[in-house]
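A short write-up of the structure that comes next.
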Amino acid sequence: MKDLSTDRRRFIKQASMGTIAASIAACTPNTEVLQSELTEDPKSSPIPLVISTWPHIADNQIALLAVQEGRLLDGIEKGINNVENNPKDQSVGLGGRPDRSGIVTLDACIMDRKHRAGSVCYLKDIKNPISVARLVMEETPHVILAGDGALQFALDKGFKKENLLTDQSKSEYLEWLKTAEYKPQINVELHDTIGMLAIDERGDISGGCSTSGLGYKMQGRVGDSPIIGAGLFVDNEIGAATATGMGELVLTTLGSFLTVEFMRQGMTPTEACKAAVMRTIEKNKETYKDMQVGYIALDKFGRFGGYSIQPGFQYTVTYQDHNKVFDAQSYLPK
Ligand code: ASP
Numbered sequence: 278m279k280d281l282s283t284d285r286r287r288f289i290k291q292a293s294m295g296t297i298a299a300s301i302a303a304c305t306p307n308t309e310v311l312q313s314e315l316t317e318d319p320k321s322s323p324i325p326l327v328i329s330t331w332p333h334i335a336d337n338q339i340a341l342l343a344v345q346e347g348r349l350l351d352g353i354e355k356g357i358n359n360v361e362n363n364p365k366d367q368s369v370g371l372g373g374r375p376d377r378s379g380i381v382t383l384d385a386c387i388m389d390r391k392h393r394a395g396s397v398c399y400l401k402d403i404k405n406p407i408s409v410a411r412l413v414m415e416e417t418p419h420v421i422l423a424g425d426g427a428l429q430f431a432l433d434k435g436f437k438k439e440n441l442l443t444d445q446s447k448s449e450y451l452e453w454l455k456t457a458e459y460k461p462q463i464n465v466e467l468h469d470t471i472g473m474l475a476i477d478e479r480g481d482i483s484g485g486c487s488t489s490g491l492g493y494k495m496q497g498r499v500g501d502s503p504i505i506g507a508g509l510f511v512d513n514e515i516g517a518a519t520a521t522g523m524g525e526l527v528l529t530t531l532g533s534f535l536t537v538e539f540m541r542q543g544m545t546p547t548e549a550c551k552a553a554v555m556r557t558i559e560k561n562k563e564t565y566k567d568m569q570v571g572y573i574a575l576d577k578f579g580r581f582g583g584y585s586i587q588p589g590f591q592y593t594v595t596y597q598d599h600n601k602v603f604d605a606q607s608y609l610p611k
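Next comes the structure, spelled out in structure tokens:
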């Protein structure tokens, strides 16, 4: 097992006591987090660990099993596959809400400890875009494949075409068509992309992100989720971050990259997520009150956190035999 203590000491040294105190306040519900924020002892870090946006306990558990076996990337892929395969989840994979033309299009990306990345955008008829994104990363010279090219690549790799529009999502869409009123503002019910980050016992980090995007988006719209640095960013030397919420705001601040860069400057994960949200607010003063953006982050030592504009954003942390769903702190009060 890699000795993290030297790195950890350097990292902790960078953070001022004020910084650490603020992060303690941000993490009050979980005493184990308090310990991992404070200690320099690598043995007390709760790693391996998986963190994901929204309440995704079963999916995190699947991921953690693989991570514990030393299969970090399989953990990310299989954990996210479990959400993609669930027709009841209307924001990811099978059962995702369609665009305003009634077509389900999926976005996903993956990034690993070696700084490799793969992504698919505007993928139709294939329920596991995270798996296709992984193959783009591992088996092509490219990072992003989109639309028909992404579909053809998936078919060439043996993925099967299927109808992703479930009866539930179809009937809600037909209801929506009666007014066809599209509000760029989103609420918590219309989005819950899965972003998942994991750290293994060596301290290596990978992450993935998968979504059907905003419900009733314009045809052709691609959000933040498949864009490296926006919906997801991993720097194995520092940590990782992933986003959920209004993709346009995440795209224009490159929010996940920004969050990781804030951690590089010495912020804790919670502080970094908060700083990225504050940047979004600063750049969208007229509109942010009607929008949701949430980030989660994980650093090299297994410390984690989250922050959002609106209340109601949750994230799930799984390690050893613990599963904890946290209410992220938010800029706007409840
Ligand atoms: N970020 C996603 C997008 O804009 C939406 C979501 O988080 O549900 O496509």
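Every position in the sequence shown, counted from 1, becomes a number in my numbering once 277 is added. Glycine included, every Cβ here is placed at the ideal spot set by N, Cα and C.
DSSP beta-bridge partners of residue i
| i | result |
| --- | --- |
| Met-388 | Ala-394, Gly-484 |
| Lys-601 | Val-594 |
| Tyr-584 | Tyr-572, Gln-606 |
| Ser-329 | Met-473, Thr-593 |
| Gly-522 | Val-570 |
| Gly-516 | Asp-512, Asp-576 |
| Ile-505 | Leu-509 |
| Leu-400 | Leu-383 |
Short Cβ contact (8 angstroms threshold) for residue i with residue j
| i | j | result |
| --- | --- | --- |
| Ile-471 | Ile-558 | no |
| Val-537 | Tyr-584 | no |
| Leu-509 | Gly-490 | no |
| Gln-591 | Gly-522 | no |
| Val-594 | Pro-332 | no |
| Thr-443 | Gly-372 | yes |
| Lys-404 | Glu-346 | no |
| Ser-483 | Val-511 | yes |
| Met-540 | Asp-598 | no |
| Pro-364 | Ser-487 | no |
| Lys-401 | Ile-387 | no |
| Lys-560 | Thr-519 | no |
| Arg-374 | Ser-446 | yes |
Any non-hydrogen atom of the ligand ADP within 7 angstroms of residue i CB
| i | result |
| --- | --- |
| Asp-567 | No copy of the ligand ADP occurs in the structure displayed; its ligands are the ligand ASP alone. |
Contacts around residue i, its chain only, beta-carbon distance under 6 angstroms, and the 5 residues preceding and following it disregarded
| i | result |
| --- | --- |
| Gly-352 | Ala-340, Ala-343, Val-344, Ala-475 |
| Tyr-596 | Pro-323, Leu-326 |
| Leu-422 | Val-397, Val-413, Phe-430 |
| Ala-549 | Thr-536, Phe-539, Met-540, Ala-574 |
| Ala-298 | Here Ala-298 scores only 34 on pLDDT, less than 50, and its place in the model should not be relied on; the value that follows carries that caveat. Cβ neighbours of Ala-298 beyond the five flanking positions: none. |
| Ala-427 | Val-397, Leu-400 |
N- and C-terminal bounds of the beta strand (DSSP E) containing residue i
| i | result |
| --- | --- |
| Asp-576 | 570-576 |
Opening and closing residue of the alpha helix (DSSP H) in which residue i lies
| i | result |
| --- | --- |
| Asp-446 | The sequence shown places Ser at residue 446, rather than the Asp named in the question. From DSSP, the alpha helix (DSSP H) with Ser-446 extends over 444-454. |
| Ala-423 | Taken as a continuous stretch (DSSP letters only), Ala-423 belongs to no alpha helix (DSSP H), being part of the beta strand (DSSP E) at 421-423. |
| Val-554 | 546-560 |
| Asp-366 | It is not in any alpha helix (DSSP H) - Asp-366 carries neither H nor E in the DSSP assignment. |
| Met-414 | 406-416 |
| Arg-541 | 532-541 |
| Val-499 | That residue, Val-499, is in no alpha helix (DSSP H); it is neither H nor E in DSSP. |
| Gly-356 | 349-361 |
| Asn-337 | 334-345 |
Nearest-angstrom Cα separation, counted from residue j out to residue i
| i | j | result |
| --- | --- | --- |
| Lys-437 | Thr-417 | 20 angstroms |
| Glu-514 | Ser-408 | 25 angstroms |
| Tyr-399 | Ile-573 | 24 angstroms |
| Arg-285 | Leu-349 | Unreliable positioning characterises Arg-285 in this predicted model, as indicated by a pLDDT of 36, which lies under 50. A coordinate reading is not provided. |
| Gly-579 | Trp-453 | 42 angstroms |
| Gly-571 | Thr-330 | 8 angstroms |
| Asp-567 | Asp-336 | 30 angstroms |
| Ala-385 | Gly-370 | 10 angstroms |
Sequence-distant residues of its chain with Cβ nearer than 8 angstroms to residue i (five each side left out)
| i | result |
| --- | --- |
| Val-258 | Any answer about residue 258 is impossible in this case: the structure gives the chain only from 278 up to 611. |
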